[in-house]
Amino acid sequence: MDRNEKKHAGDVELRGKRLLVVGAGGFIGGFICAEGMRRGMAVTAAVRGTTSRRYLTDPSLDFLVLDYDDQRQMAAAIAAAEPWDYIIYNLGATKAAGGFPEFNKVNFEYLRRFAETLKATGRVPHRLLFMSSLSALGPGDEKNYTPLSSSMPPNPNTRYGLSKIKAEQYLEHLSGIPYIIFRPTGVYGPHEKDYLMMIQSIDRHFDFSVGMRRQMLTFIYVDDLVEAMFRAFEADVENRKYIISEDRSYSQKEFRKIVAEELGAKFVIPVRLPMPLVWIASFAAEKIGQARLKPSTLNRDKFKIMRQRNWQADISDARRDFGFAPRFSLRDGIRETVKAYLEEKDKRK
Numbered sequence: 002m003d004r005n006e007k008k009h010a011g012d013v014e015l016r017g018k019r020l021l022v023v024g025a026g027g028f029i030g031g032f033i034c035a036e037g038m039r040r041g042m043a044v045t046a047a048v049r050g051t052t053s054r055r056y057l058t059d060p061s062l063d064f065l066v067l068d069y070d071d072q073r074q075m076a077a078a079i080a081a082a083e084p085w086d087y088i089i090y091n092l093g094a095t096k097a098a099g100g101f102p103e104f105n106k107v108n109f110e111y112l113r114r115f116a117e118t119l120k121a122t123g124r125v126p127h128r129l130l131f132m133s134s135l136s137a138l139g140p141g142d143e144k145n146y147t148p149l150s151s152s153m154p155p156n157p158n159t160r161y162g163l164s165k166i167k168a169e170q171y172l173e174h175l176s177g178i179p180y181i182i183f184r185p186t187g188v189y190g191p192h193e194k195d196y197l198m199m200i201q202s203i204d205r206h207f208d209f210s211v212g213m214r215r216q217m218l219t220f221i222y223v224d225d226l227v228e229a230m231f232r233a234f235e236a237d238v239e240n241r242k243y244i245i246s247e248d249r250s251y252s253q254k255e256f257r258k259i260v261a262e263e264l265g266a267k268f269v270i271p272v273r274l275p276m277p278l279v280w281i282a283s284f285a286a287e288k289i290g291q292a293r294l295k296p297s298t299l300n301r302d303k304f305k306i307m308r309q310r311n312w313q314a315d316i317s318d319a320r321r322d323f324g325f326a327p328r329f330s331l332r333d334g335i336r337e338t339v340k341a342y343l344e345e346k347d348k349r350k
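Note that the sequence shown covers residues 2 to 350 in my numbering.
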């Protein structure tokens, strides 16, 4: 779908509106800010005092420094700012050295404090879009591979997923803040780190996968995810939850082939690791990370995510309500991601 396609009658005009992006310093945050400014919105990036601004360099971008551990500071900073028409809450932790207490603090408690502060300061927006995760639903049908859908009862099996569903349910039961909840599948693109590790491995001619049973993976390129956010605002949907994904799934073999071809790799050795070995490695890596007070990419939560066989996703709700239609196939998105990876690789030579 063309991003410049004319809006339908009754759609909201976003040009000139004020947007706050919470968690703007993360991988997705920079893309959100850039798209908001491209659409003519006045964009404010909410960051911590220590947040890197490497991808937040546009001179027209405003900044709001927030300390999520200090609700009094948040209240003063938010009250002193002009009200926002829209807020995209992108703050969150995907791995945590402190286990569930840390996930709960960052993914739930910070949202709760922020929402309470919005209400207390009279800064409730027209819409707040909360970035959750497909992991909030937990594993689905791994026998018939029925796609995960927004209507299925959530049953998260990871600490990360549990913290996300807790935040979702808080918003659902909180009166006074109109919300939209996005549950994206695996998000990839330039600057993202987890998929970058897979690309680097394939670039070194090895591709590691987990388990012997068939696994169907889904992906969403960062530009398509961000486009969906603004389409949801334009359509003025309210108090709804949406799965965001490319509308097809891939096997690990297909992913490997696409990455290898875009890298120009001559050969890749697939290495399939047994589940017990991966669990031991995940447990050990997590404990080492905890001892160092530094979260490990490989951990027991990540093991459960890798073990899940069915990541197929039903995006019909998003297609119906705001015309969501991903423009990037996995090949298109990997091409852009690999291009950025190779450029960075050349700079380091």
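Using N, Cα and C, we set each Cβ at its ideal position, and we do this for glycine too. Since the model is a prediction, treat every value here as computed from it, not as a measurement.
**Prompt:** Run through DSSP, which three-state label would asparagine 300 get?
**Reply:** coil
**Message:** Mapping the DSSP letters down to three states, classify lysine 348 as helix, strand or coil.
**Reply:** helix
**Message:** For glutamate 83, which residues in the same chain have their Cβ closer than 6 Å to its Cβ, ignoring the five residues on either side in sequence?
**Reply:** none
**Item:** From Leu226, Lys346, Phe220, residue whose alpha carbon lies closest to that of arginine 332
**Value:** Phe220
**Prompt:** So what does DSSP say about alanine 10, is it helix, strand or coil?
**Reply:** Interpretation of alanine 10 is limited by its pLDDT of 42, a score under 50 that renders its predicted location unreliable; the figure taken from the coordinates is listed afterwards. Coil, per DSSP.
**Asked** Hey, how far is the Cα of aspartate 204 from the Cα of glutamate 345?
**Response** 14 Å
**Request:** Check the DSSP bridge columns for valine 211 and list the partner residues they point to.
**Result:** Leu274
**Asked** lysine 7: buried (16+ other C-beta within 10 angstroms of its C-beta) or exposed?
**Response** At lysine 7 the pLDDT is 45, less than 50, meaning the model places this residue with poor confidence; the figure from the coordinates comes in the next sentence. Exposed: under 16 other Cβ atoms inside 10 Å.
**Prompt:** Exposed or buried, what is arginine 39 when buried is set at 16 or more other beta-carbons lying within 10 Å of its beta-carbon?
**Reply:** exposed
**Asked** How many angstroms separate the CA atom of leucine 149 from the CA atom of phenylalanine 183?
**Response** 14 Å
**Asked** Using the C-alpha atoms, what's the distance from tyrosine 90 back to glycine 30?
**Response** 9 Å
**Message:** Under 8 Å: does the beta carbon of proline 275 sit that close to some heavy atom of the ligand SAM?
**Reply:** For the structure depicted, the ligand SAM is absent and the ligand set is empty, with no information on it obtainable.
**Reference phenylalanine 209, options Lys254, Pro157, Glu228, Asn300, closest by Cα** = Lys254
**Request:** Put phenylalanine 329 into one of helix, strand or coil per three-state DSSP.
**Result:** coil
**Message:** Using the Cβ count rule (16 or more neighbours within 10 Å means buried), how would you classify arginine 232?
**Reply:** It counts as buried.
**Message:** Ignoring anything shorter than 4 residues, give me the alpha helix (DSSP H) runs that lie fully in the region 118-201, in order along the chain.
**Reply:** 160-174
**Asked** Cα separation between lysine 348 and threonine 52?
**Response** C-alpha of lysine 348 to C-alpha of threonine 52: approximately 24 Å in a straight line.
**Asked** Are the CB atoms of glycine 187 and methionine 132 nearer to each other than 9 Å?
**Response** no
**Request:** Identify the continuous beta strand (DSSP E) that holds phenylalanine 64 and give its terminal residues.
**Result:** 63-66
**Message:** Tell me the rounded alpha-carbon separation between phenylalanine 284 and serine 202.
**Reply:** 21 Å
**Prompt:** If you pair each beta-carbon of the region 44-62 with each one of the region 20-30, do three or more pairs fall below 8 Å?
**Reply:** Below 8 Å, enough C-beta pairs join the region 44-62 and the region 20-30 to call them touching: three or more.
**Message:** As a quick exercise: from Ser250, Asn145, Lys258, Pro296, pick the residue whose alpha carbon is nearest that of isoleucine 270.
**Reply:** Lys258
**Request:** Kindly indicate which three-state DSSP category leucine 112 falls into: helix, strand or coil?
**Result:** helix
**Message:** I want to know whether the region 162-174 touches the region 109-124 - three or more CB-CB distances under 8 Å.
**Reply:** yes
**Item:** Spatial distance of threonine 118 from glycine 50 (CA atoms)
**Value:** 19 Å
**Asked** For proline 126, which of Val238, Tyr87, Ala81 has the nearest alpha-carbon?
**Response** Tyr87
**Message:** Rounded to whole angstroms, what is the Cα-Cα separation between arginine 113 and tryptophan 312?
**Reply:** Inter-residue distance for arginine 113 and tryptophan 312 is about 29 Å (C-alpha atoms, whole angstroms).
**Request:** Would you kindly work out how many angstroms separate the C-alpha atoms of threonine 147 and glycine 141, rounded to a whole number?
**Result:** 7 Å
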